[in-house]
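Position in the sequence shown counted from 1, then plus 1, gives you our numbering. So the structure is just underneath, and the comments pick up after that.
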Amino acid sequence: MSVYEIIFKLALAGILGGVIGLERESLNRPAGLRTYTLVCVGSALAMVVSLDMYFQYYQTVNADPGRIAAQVISGIGFLGAGTIMREGATVRGLTTAAGLWVVACIGLAVGAGLYIPAIATTILILFILIYFIRFEERFTGLREFKRLVMLVEDRPGQVGIIGSILGDLGVLIKNIQLTRVEGEDLEIELLIQLPSNLTINDVVNELSEVKGLRNIDRLN
2 MSVYEIIFKL ALAGILGGVI GLERESLNRP AGLRTYTLVC VGSALAMVVS
52 LDMYFQYYQT VNADPGRIAA QVISGIGFLG AGTIMREGAT VRGLTTAAGL
102 WVVACIGLAV GAGLYIPAIA TTILILFILI YFIRFEERFT GLREFKRLVM
152 LVEDRPGQVG IIGSILGDLG VLIKNIQLTR VEGEDLEIEL LIQLPSNLTI
202 NDVVNELSEV KGLRNIDRLN
């Protein structure tokens with residue numbers, strides 16, 4: 002394997018991983034452009050090393066060209082696990098973790114010289130990440146989860162009022178966390194899922210009418 006071929010493989014892996022990572026970065030996901038690029042390039046390098054060692058020593062030892070590359074799949078599980086977070090009853094980051102696994106496979110394919118399958122898989126993954134969420138919204142009527150933090154006066158029935166407003170809007174409350182802060186204020190952290198005909202700005206505008214509201218922030 003020539004030096005130019007190795008450089009080409011690493012560069013192509015960086016481009017393919019970076020394209021997918023850029024989509025994740027645009028959505029402010031835990032793993033973005035740099036992470037996806039590094040995973041793809043590293044996976045390609047692992048496959049290149051595996052093949053190079055095999056062709057150097059296959060006549061003298063019983064070498065397995067896939068042994069080093071196989072460890073990439075095992076190792077990526079630890080990295081993917083770091084992107085998965087649990088918020089109440091909801092688990093987030095599974096798509097990002099799955100994306101890292103697929104990107105590692107793309108890198109291995111590039112390292113093995115399977116350029117067409119690697120490019121085709123990248124295009125398919127981008128299509129899934131960009132357009133499948135629209136299919137989900139259309140068929141389930143719900144969008145992705147959003148987090149809001151409200152600081153309000155601790156009045157009787159305050160939480161019930163907020164719940165009624167969200168219920169009237171068709172917003173699904175997945176998790177709610179209450180924290181009493183200094184003075185007479187109450188911090189309410191909400192994990193909500195919006196219907197397809199509603200934006201987070203619409204929800205914020207409605208909640209801004211709550212009496213005793215000090216502040217409201219969007220966390221994502």
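Glycine included, C-beta positions come from ideal geometry on N, C-alpha and C.
Identify the continuous alpha helix (DSSP H) that holds residue i and give its terminal residues.
i    : result
D169 : 159 to 170
V103 : 95 to 112
V211 : Taken as a continuous stretch (DSSP letters only), V211 belongs to no alpha helix (DSSP H), as it is neither H nor E.
A32  : Counting along the chain, A32 falls outside any alpha helix (DSSP H), and DSSP gives it neither H nor E.
R25  : 4 to 27
Quick one: does the C-beta of residue i sit closer than 7 Å to a heavy atom of the ligand NAD?
i    : result
L130 : As presented, the structure is devoid of all ligands, the ligand NAD included, so that no description of it is given.
Measure the CB-CB distance between residue i and residue j and report whether it falls below 8 Å.
i    : j    : result
L195 : K147 : yes
M48  : G112 : yes
V204 : V182 : no
L199 : L220 : no
A119 : A105 : no
L130 : E6   : no
L17  : I117 : no
L11  : A32  : no
G213 : R135 : no
V42  : G15  : yes
I189 : I177 : yes
L192 : K175 : yes
Which of the three DSSP states is assigned to residue i in this structure?
i    : result
M151 : strand
T200 : coil
E185 : coil
L191 : strand
First and last residue of the beta strand (DSSP E) that includes residue i?
i    : result
R215 : 214 to 219
R181 : 173 to 181
Mark residue i as exposed unless 16 or more other C-beta atoms lie within 10 angstroms of its C-beta, in which case mark it buried.
i    : result
V153 : buried
R68  : exposed
Y37  : buried
V4   : exposed
I1   : Not covered by the structure: residue 1. The range shown for the chain is 2 to 221.
R35  : exposed
I8   : exposed
L28  : exposed
G184 : exposed
G100 : buried
A121 : exposed
Could you tell me the distance, in whole angstroms, from the CA atom of residue i to the CA atom of residue j?
i    : j    : result
G76  : E26  : 22 Å
G161 : F128 : 41 Å
V211 : G164 : 11 Å
L125 : V50  : 27 Å
M54  : M2   : 11 Å
I217 : I201 : 12 Å
G19  : G114 : 19 Å
Q57  : A70  : 16 Å
T123 : L80  : 20 Å
G158 : G22  : 44 Å
L179 : Q72  : 44 Å
S197 : S209 : 21 Å
R30  : D186 : 31 Å
N206 : Y132 : 28 Å
L13  : T97  : 21 Å
V40  : R215 : 44 Å
G168 : W102 : 38 Å
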